[in-house]
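If you're matching positions, the sequence shown starts at 203 in the numbering used here and goes up one per residue. Ideal Cβ positions, reconstructed from N, Cα and C, are used throughout, including at glycine. This one's a predicted model, so the numbers in the text were calculated from it and none came from an experiment. Note sheet for the following structure.
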Amino acid sequence: MFWVLLLLLAWAVAGTACTRLCLASVRAAADDTYAPGDRGLTLYEAAFLSGGPARVAELTLVSMARQRRLLLAHTGWATVVDPCGRDEMERSVLGAIGPDGQSRIAPVRTSAAAAESVRALADRLVAAGLAVPDGARTTVAGAVRQVRSAAVAVPVLAAVALLTPLQDPRERALVAIWFALPLVLTLSCLVIARIEADPCTRWASPAGQRLLGALARRADTDSDDRTYLTTVAVRGVRAVGEPDLRAAFGHREPYL
């Protein structure tokens with residue numbers, strides 16, 4: 203019976219993909235050896251754990267703009283007012299803008315996100331057990347993609363099996379049931395991965411996620427400016443209620 207071979211192939215595809223995802227998830231969870239204690243997060247750390255290097259660059263730009271040391275136009279341009287950076291992140295942004303003192307925001311954000319200061323921040327967070335190592339993050343993402351591919355491959359194999367001539371027409375229902383089992387397995391793994399691996403905390407380890415939650419809860423007791431920058435760090439520029447600022451970061455040049 204040819205459909206049995208297809209069923210075995212479907213189980214092999216589904217089983218391999220789900221096993222890989224489980225092992226990757228277990229290895230990622232094993233890195234959660236950090237005991238937070240009384241340690242808090244800086245805004246730069248919160249930005250990285252929430253949105254990665256790009257969020258750190260965005261936070262730096264917004265922070266400098268709030269201090270009137272940088273102008274962010276709704277047309278997508280950044281203009282330097284104060285050329286003196288107060289920390290490595292700000293100096294990276296100023297270096298990305300260049301000596302002319304004016305540049306498009308998009309390339310500045312990209313360049314600042316790739317700066318050595320951001321890489322050093324990431325290394326410190328990984329060493330502290332608060333950030334997910336790049337290799338582990340890539341492994342889990344690749345495993346999820348493989349499970350998604352398996353979830354597509356199983357119905358295709360089932361369709362091929364159902365199209366093959368069968369000795370008994372009633373056997374088609376049995377074939378469909380057997381192929382439904384590996385499909386349920388892959389879909390269940392995807393649902394669990396969706397629940398356990400929230401996209402907004404892709405960069406943070408479980409310990410880092412706990413500190414992010416504590417920071418968000420404390421934001422209401424901070425000063426207005428601190429709360430504003432905390433919102434940018436944790437939720438991004440799109441979460442703030444300033445249309446001009448959102449337009450500055452979302453501006454795209456029209457195609458000619």
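{"Item": "Terminal residues of the alpha helix (DSSP H) in which residue 312 lies", "Value": "307-315"}
{"Item": "Residues sharing a beta bridge with residue 304, DSSP", "Value": "281"}
{"Item": "Beta-carbon gap between residue 251 and residue 333 smaller than 8 Å", "Value": "yes"}
{"Item": "N-terminal and C-terminal residue of the beta strand (DSSP E) that residue 273 is part of", "Value": "272-274"}
{"Item": "Burial state of residue 341 (16 or more Cβ within 10 Å)", "Value": "buried"}
{"Item": "Residue 322 vs residue 298 beta-carbon contact at 8 Å", "Value": "no"}
{"Item": "Host alpha helix (DSSP H) of residue 253 (start-end)", "Value": "245-268"}
{"Item": "Status (buried if at least 16 other CB within 10 Å, exposed otherwise) for residue 221", "Value": "exposed"}
{"Item": "8 Å Cβ cutoff, residue 361 in contact with chain D", "Value": "Considering every chain present, this structure includes no chain D. It has just one protein chain."}
{"Item": "Per-residue burial, residue 344 [other beta carbons within 10 Å of its own, 16 or more giving buried]", "Value": "exposed"}
{"Item": "Distance, residue 218 Cα to residue 348 Cα", "Value": "9 Å"}
{"Item": "Distance, residue 330 Cα to residue 237 Cα", "Value": "Unreliable positioning characterises residue 237 in this predicted model, as indicated by a pLDDT of 48, which lies under 50. The coordinate reading is nonetheless provided below. Answer to the nearest angstrom: the Cα atoms are 9 Å apart."}
{"Item": "Test item: CB-CB of residue 365 and residue 311 under 8 Å", "Value": "no"}
{"Item": "Exposure label - residue 300; buried when at least 16 CB within 10 Å", "Value": "exposed"}
{"Item": "Unbroken alpha helix (DSSP H) run spanning residue 321, endpoints", "Value": "318-329"}
{"Item": "Residue 335: first and last residue of the uninterrupted alpha helix (DSSP H) it sits in", "Value": "Premise fails: residue 335 is in no alpha helix (DSSP H) and is neither H nor E."}
{"Item": "Alpha helix (DSSP H) runs wholly inside the segment 372-406, at least 4 long, in chain order", "Value": "373-398"}
{"Item": "CB of residue 243 within 8 Å of CB of residue 413, strictly", "Value": "yes"}
{"Item": "Test item: CB-CB of residue 280 and residue 319 under 8 Å", "Value": "no"}
{"Item": "Presumed contact (8 Å Cβ cut-off) between residue 185 and residue 363, rounded CB distance", "Value": "Absent from the structure is residue 185, since the part of the chain shown begins at 203 and ends at 458."}
{"Item": "Residue burial classification, residue 282 (beta-carbon count within 10 angstroms, cutoff 16)", "Value": "buried"}
{"Item": "Coarse secondary structure for residue 228, derived from DSSP in three states", "Value": "helix"}
{"Item": "Contact set for residue 208: own chain, Cβ-Cβ below 7 Å, skip 5 residues either direction", "Value": "359, 362 and 363"}
{"Item": "Own chain, CB closer than 8 Å to residue 285, minus 5 neighbours either side, in chain order", "Value": "296 and 303"}
{"Item": "Residue 206 to residue 391 span [Cα, whole Å]", "Value": "24 Å"}
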